[in-house]
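Okay, so here's the structure we're looking at.
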Amino acid sequence: MVQATARHLLVSSEEQCNELKQQIVAGADFADVAKAYSSCPSGSQGGELGSFGPGMMVKEFDEVVFSAPLNEVQGPVKTQFGYHLLEVTSRG
């Protein structure tokens, strides 16, 4: 089964998600931004989610993680939890 590793950050508004994405694209470190702003417990680890397979995350998340290019910030991705920025760090 295909496995992926990814990191993410979670915020409550699309507007804030877009602002944070611009900071990261402009050179801010994804992990530092996740630690400062993410409402997910993974934020304290820089948004690291570890390794997981298809179907282990919510559908919207899975669709991005298993199709997006590696090491590019994706999002905002809306789920029932809020708005995410995702970065797939490996897949194979």
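Per the UniProt record's numbering, the sequence shown runs over residues 1 to 92. For each residue, glycine too, the CB sits at the ideal point set by N, CA and C. The structure displayed is predicted, hence computed values, not measured ones.
Limits of the unbroken beta strand (DSSP E) element including residue i
i	result
Glu87	82-91
Val58	Neither: Val58 is in no beta strand (DSSP E) and is coded neither H nor E.
Gly53	Note, Gly53: premise wrong, no beta strand (DSSP E); not H, not E.
Where residue i sits in the DSSP three-state scheme
i	result
Gln74	strand
Phe30	helix
Val65	helix
Gly43	helix
Continuous alpha helix (DSSP H) stretch holding residue i: start and end
i	result
Val25	14-25
Supposed close pair residue i, residue j - CB separation, criterion 8 Å
i	j	result
Val11	Cys17	5 Å
Ala34	Gly46	5 Å
Val58	Thr79	5 Å
Val73	Lys21	6 Å
Close beta carbons around residue i, own chain, < 8 Å, minus the five adjacent residues each side
i	result
Met1	Gly53, Pro54
Asp32	Gly46
Leu86	Ala6, Arg7, His8, Phe61, Val64, Val65, Ala68, Val73, Gln74, Gly75, Val77
7 Å CB neighbourhood of residue i in its chain, flanking five on each side removed
i	result
Asp62	Pro54, Gly55
Gln23	Val33
Spatial neighbours of residue i in its chain, beta-carbon cut-off 6 Å, leaving aside the 5 residues before and after
i	result
His84	His8, Leu10, Gly75, Val77
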